[in-house]
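Numbering (the working numbering), first residue to last: 81 to 386.
Glycine included, each C-beta is placed from N, C-alpha and C at the ideal position.
Have a look at the structure below before the remarks.
Below, the structure written as structure tokens:
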């Protein structure tokens, strides 16, 4: 591919420019999670009968809230598709980036591309909750890939230092990612078992809501224990870890808001707009956790300055 890029006359991409590309890619993937959740929670999942157009014989939707929301999500999905492709191609021309970043960027693009046929299959299967959940979880996987690339791009552009934390704590970071992934999966199972199937019509639910919430709460406890260990070390060695401590504290704040929203939505019988906020916050917690773990292993110099 390097030969092809050279023949097309593509110039070397500066580390600063690639940093902007990488973060735009990650932000766009976060945005499409928001629009996708909006489709499901407003019951707009089957508002467009065709794909990629909305109606048979007409590409654009007729006037209506549900069809506009569904079609708007499809249009917005073009942005992360283009940006992840650009991030992949530019990674081959960005000076200083290790080869593995190119592979992660490539897999992120391919995962984003796979969302299109997966979305079509989800519609063809009348929003089967297992398919909807898979659609959502793939979105989180590619978001994680984009965040890892963005953190590496930050280190490449602004300098990188040896990790200020011991190997065992970096291992805790990996455990946190796994625990947070479990949280996300059980949260998706809770949504799949909940009252928002993705369409205004009756759709089969997946699993039992109370069982799903039970597992989700237990996974939260595991994540919390690991995070307390990480935070305790960062506080004790705050002079050494620099801005890694504020980054971790920011995650604490996000977690507290997420927990509060989760409790409020449960006590108010899961109104769709509160569930939307909960899902968007969950994606933020996931991305933040992945970013923090990546920074513990490959630490950008900017994050170690007090």
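Check: Closest residue to residue 189 among 245, 172, 162 and 177 (Cα-Cα distance); Outcome: 162
Check: Alpha helix (DSSP H) segment containing residue 373, residue limits; Outcome: 352-377
Check: For residue 174, three-class secondary structure by DSSP; Outcome: strand
Check: Distance between residue 220 and residue 388 (C-alpha atoms, nearest Å); Outcome: Because the chain spans 81 through 386 in this model, residue 388 falls outside it and cannot be assessed.
Check: Euclidean distance between Cα positions of residue 316 and residue 374; Outcome: 21 Å
Check: Residue 381 burial status per 10 Å Cβ neighbour count (16 or more: buried); Outcome: exposed
Check: Outcome for residue 101 when other beta-carbon atoms lying within 10 angstroms are tallied against a minimum of 16; Outcome: buried
Check: Every unbroken beta strand (DSSP E) inside the region 295-335 [3 residues or more]; Outcome: none
Check: As assigned by DSSP and simplified to three states, the class of residue 412; Outcome: Here the chain covers residues 81 to 386 and nothing more, so residue 412 does not appear.
Check: Inter-residue spacing [alpha-carbon to alpha-carbon] between residue 152 and residue 203; Outcome: 16 Å
Check: Close-in-space but distant-in-sequence residues of the same chain around residue 253 (CB under 6 Å, 5 per side omitted); Outcome: 373 and 376
Check: Close Cβ partners of residue 166 (< 8 Å) along its chain, the five nearest in sequence each way excluded; Outcome: 101 and 105
Check: Residues of its chain near residue 231, where Cβ-Cβ distance is below 6 Å and the 5 sequence neighbours each way are ignored; Outcome: 371, 374 and 375
Check: Segment contact flag, the region 327-347 with the region 295-315, C-beta cutoff 8 Å, min 3 pairs; Outcome: yes
Check: Cβ neighbour criterion (16 or more within 10 Å) applied to residue 308; Outcome: exposed
Check: Exposure of residue 103, with buried meaning 16 or more beta-carbon neighbours within 10 Å; Outcome: buried
Check: Alpha-carbon spacing of residue 170 relative to residue 225, whole angstroms; Outcome: 15 Å
Check: Local Cβ density within 10 Å of residue 108, reported as buried at 16 or more and exposed below that; Outcome: buried
Check: Spatially closest choice to residue 324 from 355, 384 and 218, by CA coordinates; Outcome: 384
Check: Limits of the alpha helix (DSSP H) - the one that residue 145 falls within; Outcome: 145-156
Check: Cutoff 8 Å; reference residue 295; Cβ partners in own chain excluding five residues on either side; Outcome: 266 and 269
Check: Cβ neighbours of residue 218 in the same chain (closer than 8 Å, five flanking residues each side left out); Outcome: 191, 194, 195 and 198
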